[in-house]
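There are 2 protein chains.
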Amino acid sequence: MITIYDIAKTTGFSPTTVSKVFNQYADVSEKTRRKILEAAEQMGYVPNAQARTLTTKRSWTIGVLYIESSGAGLLHPYFGGVIEGFKKVATSKGYDLMFISKDIGGKKGGYLEHCKIRGIDGVVVVLPDYTDPYFKELLDSNIPCVLLDQESDFKSTVSSDNIEGSKQAVEYLYGLGHRSIGHISGGSTFAGEQRLQGYLQAMEQLELTVRPEHIIQGSYDYTVESGQRAMEQLLSMEDLPTAVFVAGDNLAVGAMLAMKKYGLSVPEHMSIIGYDDIEMAKYLTPALTTIRQNTYALGSRAADMLICSIEGGSEAKPQSDQIPVELVVRGSCQEV
Amino acid sequence: MITIYDIAKTTGFSPTTVSKVFNQYADVSEKTRRKILEAAEQMGYVPNAQARTLTTKRSWTIGVLYIESSGAGLLHPYFGGVIEGFKKVATSKGYDLMFISKDIGGKKGGYLEHCKIRGIDGVVVVLPDYTDPYFKELLDSNIPCVLLDQESDFKSTVSSDNIEGSKQAVEYLYGLGHRSIGHISGGSTFAGEQRLQGYLQAMEQLELTVRPEHIIQGSYDYTVESGQRAMEQLLSMEDLPTAVFVAGDNLAVGAMLAMKKYGLSVPEHMSIIGYDDIEMAKYLTPALTTIRQNTYALGSRAADMLICSIEGGSEAKPQSDQIPVELVVRGSCQEV
DNA sequence: TTGAAAGCGCTAACAC
DNA sequence: GTGTTAGCGCTTTCAA
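Protein chains in written order, with the working numbering: chain L, 112 to 447; chain Z, 112 to 447.
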């Protein structure tokens with residue numbers, strides 16, 4: 112392994128000068144800089160990140176925290192989109208991403224310990240369930256974090272404009288003439304609660320009656336199965352809504368399956384509008400009308416905010432931001 | 112930050128002894144060990160990974176290399192499944208995962224340089240396109256790697272049993288009475304080629320005539336759109352096959368859409384069998400009969416192999432393994 | 001069973 | 001503009 116000492120020896124300069132060249136210090140003559148750079152190139156020099164981190168206390172590493180348990184983490188398109196967006200800007204600013212698990216060195220230590228051991232500069236958190244005690248530990252620490260689709264007074268957050276999106280969904284249905292609108296919710300997640308709020312607010316503003324039995328709680332993990340169960344439960348009532356706003360596309364897929372199972376068709380028997388705009392939405396029959404979340408923007412904004420608080424030091428106050436959503440009209444809703 | 116020196120001072124032992132305790136050396140008395148461990152616990156000691164790496168030359172970090180360009184990387188369920196499986200076993204053995212991009216420190220340097228700078232112990236590669244020059248650079252290095260769905264004489268590989276899977280698909284169609292079987296391929300990727308081979312071999316073994324015009328090349332990225340185009344191309348022929356084996360589920364989704372667009376239905380007008388078993392497969396109409404890839408097993412096996420070659424040192428020879436696939440019968444094929 | 005000393009590769013004061 | 005020195009936190013001989 113070639114070190115700055117080797118370069119120093121070959122070029123006749125001191126290690127300090129060599130170091131300065133690689134750290135873009137201004138007080139090195141152009142001639143010296145060129146000589147050193149050339150030697151480095153020729154000798155195949157590659158800097159050593161650990162050595163640098165050891166002295167500077169900056170690892171240029173961002174931890175990625177996401178659900179481990181269900182194994183569904185990486186498989187969910189929401190997560191994938193967010194991380195893609197995040198990675199793009201983080202990489203361009205010189206940071207690398209590392210997965211943070213509760214385990215480290217084969218032993219359980221929790222997220223905070225993991226971050227400390229690895230000297231992580233900051234963490235991006237994408238978790239449906241924010242009640243995990245190990246996560247709280249991290250939240251209470253002074254490690255810069257950005258949370259997705261969550262609220263916090265101490266950490267930065269970025270979320271999709273869930274309330275506004277839900278309102279748009281209900282208003283769209285209203286515009287189509289629907290007056291009896293149900294809701295299949297995403298369970299007690301932050302996003303789920305917000306979407307429920309948005310639904311409720313829109314209903315109130317439009318002066319529609321909210322019928323509690325038309326609000327069915329899906330599970331927090333937004334699975335197709337859960338959507339199916341929810342719709343079956345809804346269909347078991349005598350008095351059905353003419354449209355239902357479903358808090359997630361996977362849930363909506365399940366809801367549509369349940370309809371089919373009961374010999375009902377969408378949108379003829381009931382209009383359905385989802386939330387997310389997952390890839391398959393446009394390939395369903397009928398294609399799913401939905402509220403598109405801009406996961407990529409969510410991720411890249413989160414990266415901006417996190418890097419800002421990493422580089423701003425402790426004075427940097429936590430920020431919050433909302434990313435707009437967009438109604439995507441396809442074929443699962445009709446006029447009534 | 113608490114260091115082993117602090118613990119040494121408090122307990123009255125030397126830093127060496129403290130270090131020994133954390134590295135499970137046998138030559139420390141039980142009493143001493145307990146005292147030190149207790150003090151460490153109480154003082155909130157957390158080891159410093161960079162310092163350790165600096166001396167030991169082992170970072171306990173595995174690089175993850177996957178497609179950056181299309182932005183489709185993390186979003187593809189194949190990738191997600193593989194990484195989930197990989198992460199599980201890597202984590203349990205004490206390794207952390209870090210994404211490796213061509214950029215590092217905001218500058219382009221290539222994968223190999225990135226790995227060297229970070230002191231990566233090994234790399235898992237999940238790439239559809241293995242012709243990237245930066246990737247070749249890594250391949251020619253002596254950094255332990257495991258490649259997914261790829262061949263190599265110098266690195267370990269693990270792939271899905273593509274040939275066998277394709278044979279199963281064709282044989283299944285044959286069992287249903289089909290004698291004119293077409294193929295929509297996955298383009299010139301390794302997996303795509305193998306599946307084509309499997310198709311060809313099965314056709315030959317079953318003594319069916321292969322009609323070149325019934326083999327349509329889809330694009331390497333296995334998109335729905337590409338599947339749609341491929342099927343449209345196929346449908347433009349006068350003499351259609353009664354069934355088609357499609358090299359990927361996304362392609363199959365596209366193919367089914369094309370059928371619908373032309374007023375044709377699956378499986379009545381044509382039977383379709385896919386490959387992958389993506390989550391949405393079972394929710395399609397008709398539900399897609401397909402060959403299931405065990406992405407999780409693919410990932411965990413890859414982790415085992417990589418760790419084996421990391422820990423085996425340079426004597427460890429590259430291994431190769433194939434993961435069995437499984438036919439999943441649903442509703443997109445029928446007897447003829 | 002324990003510890004002193006050296007060194008991993010780099011940066012940051014500070015002096016020249 | 002350039003170099004000396006010390007030190008980041010840890011492990012590893014090797015000696016006691």
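Virtual Cβ for every residue (Gly too), placed ideally from N, Cα, C.
- Close to chain L, meaning a Cβ-Cβ distance shorter than 7 Å, are the following residues of the region 361-380 of chain Z: 364 and 368.
- Pairwise C-beta distances place the region 206-216 of chain L in contact with the region 168-177 of chain L, as three or more of them are shorter than 8 Å.
- Under the three-state reduction of DSSP, residue 379 (chain L) is assigned to coil, being neither helix nor strand.
- Contacts with chain Z (Cβ-Cβ distance below 8 Å) from the region 255-273 of chain L involve no residue at all.
- Around the beta-carbon of residue 253 (chain L), fewer than 16 other beta-carbon atoms lie within 10 Å, marking it exposed.
- CA-CA distance, residue 250 (chain L) to residue 267 (chain L), rounds to 11 Å.
- In this structure, DSSP gives residue 403 (chain Z) an extended state, which the three-state scheme calls strand.
- Taking a Cβ-Cβ threshold of 7 Å, none of the residues of chain Z is close to residue 246 (chain L); the smallest such distance is about 17 Å.
- Beta bridge pairing from DSSP links residue 294 (chain L) with L:326 and L:356.
- Neighbourhood of residue 207 (chain L) in chain Z, by CB distance below 9 Å: 209, 210, 211, 212, 215, 225 and 229, in chain order.
- When only Cα atoms are considered, residue 399 (chain L) and residue 162 (chain L) end up about 53 Å apart.
- For residue 113 (chain Z) and residue 441 (chain L), the gap between their C-alpha atoms comes out near 59 Å.
- Within 10 angstroms of the beta-carbon of residue 164 (chain L) lie 16 or more other beta-carbons, which makes it buried.
- For residue 437 (chain Z), the uninterrupted beta strand (DSSP E) segment begins and ends at 437-439.
- Within chain L, the C-beta atoms nearer than 8 Å to that of residue 203 (chain Z) come from 214 and 217, in chain order.
- Contact annotation: in the region 407-435 of chain Z, no residue has its CB less than 7 Å from a CB in chain L.
- For residue 210 (chain Z), the beta-bridge partners assigned by DSSP are Z:175.
- Between the alpha carbons of residue 409 (chain Z) and residue 189 (chain Z) lies a gap of roughly 10 Å.
- One Cα belongs to residue 191 (chain L), the other to residue 404 (chain Z), and the distance between them is close to 20 Å.
- Three or more Cβ pairs closer than 8 Å define a contact, and the region 324-340 of chain L falls short of that threshold against the region 275-284 of chain L.
- Secondary structure note for residue 250 (chain L): it is in no beta strand (DSSP E), and the uninterrupted alpha helix (DSSP H) holding it is 244-250.
- DSSP places residue 140 (chain Z) in the coil class of the three-state scheme, outside both helix and strand.
- By the neighbour-count criterion, in which 16 or more other beta carbons inside 10 Å mark a residue as buried, residue 321 (chain Z) falls on the exposed side.
- The region 427-443 of chain Z makes no contact with the region 300-311 of chain Z, as fewer than three CB pairs between them are under 8 Å.
- Between the region 361-378 of chain L and the region 351-368 of chain Z there are fewer than three inter-stretch CB-CB distances shorter than 8 Å, so the stretches are not counted as touching.
- The beta carbon of residue 158 (chain Z) falls within 9 Å of a beta carbon belonging to chain L, placing the residue at that interface.
- In the structure shown, residue 433 (chain Z) falls within a strand segment according to DSSP collapsed to helix, strand and coil.
- By alpha-carbon distance to residue 151 (chain L), the top candidate from L:348, L:117 and L:227 is L:117.
- Under the DSSP assignment, residue 269 (chain L) falls outside any alpha helix (DSSP H), being part of the beta strand (DSSP E) whose first and last residues are 267-271.
- Rounded to whole angstroms, the separation of the alpha carbons of residue 447 (chain Z) and residue 288 (chain Z) is 5 Å.
- If you draw a 10 Å sphere on the C-beta of residue 347 (chain L), you find fewer than 16 other C-beta atoms in it, and that means exposed.
- Interface flag for residue 443 (chain Z) against chain L is unset, since no Cβ pair is found closer than 9 Å.
- Contact with chain Z is found for residue 191 (chain L), since one of that chain's Cβ atoms lies less than 9 Å from the residue's Cβ.
- Residue pairing of residue 259 (chain Z) in beta bridges, as defined by DSSP: Z:269.
- The region 285-299 of chain L and the region 309-328 of chain L touch, with three or more beta-carbon pairs separated by less than 8 Å.
- The three-state secondary structure of residue 415 (chain L), taken from DSSP, is helix.
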